[in-house]
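Those letters in the sequence shown? Residues 54 to 278, by our numbering.
Built from N, CA and C at the ideal position, the CB exists for glycine as well.
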Amino acid sequence: MVNKVQLAFVAIDGLFAVMGAIMLGFSVVVINTCFNPPNEGEEAARDLLYQRFPLTAGIANGALTLFIFLVTIPALLTPSRGWLKFAAYLVVVDALFTLIIGLDLWIITLKTKQEFFDIWMSQPARVQDLLQTKFQCCGYINSTTPAFVTDATCPSPAAAALIKGCAAPLISFTNVFVDNIFTAAFGMVGVDVALIMALACLSKDRKERERFRYIDQKNGTKGGF
54 MVNKVQLAFV
64 AIDGLFAVMG
74 AIMLGFSVVV
84 INTCFNPPNE
94 GEEAARDLLY
104 QRFPLTAGIA
114 NGALTLFIFL
124 VTIPALLTPS
134 RGWLKFAAYL
144 VVVDALFTLI
154 IGLDLWIITL
164 KTKQEFFDIW
174 MSQPARVQDL
184 LQTKFQCCGY
194 INSTTPAFVT
204 DATCPSPAAA
214 ALIKGCAAPL
224 ISFTNVFVDN
234 IFTAAFGMVG
244 VDVALIMALA
254 CLSKDRKERE
264 RFRYIDQKNG
274 TKGGF
């Protein structure tokens, strides 16, 4: 007979492994590309945000998740409940780690305006040009704070004065973009919690089976007499 508890555990464990692979792959790819010179405005804004992300922590978290998945394999294949308890403790650590990463990303959205002002001031004219062109804006707060970069969007001081600064569209872009990322991180914490529950259920199921097996053996022995 198919053990439904074990099947549910396998499904959640597989999702947990996929989650770890996604986090690890995403962090590795981004950390190797976000410092490349951008070719257009949205790419520039995205890469500037990525450079503020805890990508090294993401790599460590993804690697830890895959390690825990490997630990769950002997926990699944062996009848001992010790492996299940060990895996559960590791998943708790992983959940806290992922939660901290998600909170760190969320905090970025609370100080976006000042963060992006500092970022803007540190960028070369070419990147500012790309951002102005993408978001149809001039300067950061306004065309004079700091001074805009002359381009097709802001061809002159008079024209630039009539166009909004880049702060509002950049903040809007940042909030939507980062919201999606930290929501995904919090979703991964949900998978961690589901796996902890699955481990607890599987451990309880094994304990019940061991008890019934012991009762059956005991009854069988009595029957022999």
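Cβ distance (whole Å) where Tyr-193 is taken to contact Ala-211 below 8 Å: With 8 Å as the limit, Tyr-193 and Ala-211 do not qualify as a contact, their Cβ atoms being about 19 Å apart.
Where DSSP assigns a beta bridge to Thr-198, which residues make up the other side? According to DSSP, which records beta bridges pairwise, Thr-198 is partnered with Asn-195.
Would you kindly work out how many angstroms separate the C-alpha atoms of Ile-121 and Val-144, rounded to a whole number? Rounded to whole angstroms, Ile-121 to Val-144 spans 7 Å at the Cα level.
DSSP state of Lys-275, grouped into three classes? In this prediction, Lys-275 has a pLDDT of 47, which is less than 50 and means its spatial position is unreliable; nothing more can be read from the coordinates.
Just to confirm, is the Cβ distance from Pro-91 to Val-146 under 8 Å? No, Cβ-Cβ distance for Pro-91 and Val-146 is not below 8 Å.
Residue burial classification, Ser-256 (beta-carbon count within 10 angstroms, cutoff 16): Buried, because 16 or more other Cβ atoms sit within 10 Å of the Cβ of Ser-256.
Inter-residue CB distance, Phe-69 and Leu-248 (contact presumed, cutoff 8 Å): About 5 Å separates the two Cβ atoms, so the contact holds.
Counting pairs of beta carbons, one from the region 76-83 and one from the region 172-179, are three or more of them closer than 8 Å? With the cut-off at 8 Å, the region 76-83 and the region 172-179 do not touch.
Taking the alpha carbon of Ala-140 as the reference point, which residue from Leu-152, Gly-243, Pro-127, Ala-200 has its own alpha carbon closest? The residue with the shortest Cα to Cα distance from Ala-140 is Pro-127.
According to DSSP, simplified to helix, strand and coil, what is Cys-87? In this structure, Cys-87 counts as coil in the three-state DSSP scheme.
Every unbroken alpha helix (DSSP H) inside the region 75-122 [4 residues or more]: Residue ranges of uninterrupted alpha helix (DSSP H) with 4 or more members, entirely inside the region 75-122 and ordered along the chain, are 94-103.
Give the secondary structure of Thr-162 by DSSP, where H, G and I count as helix, E and B as strand, and everything else as coil. If DSSP states are grouped into helix, strand and coil, Thr-162 belongs with the helices.
Span of the alpha helix (DSSP H) around Pro-279: This structure does not reach residue 279, given that the chain is present from 54 up to 278, and the question cannot be answered.
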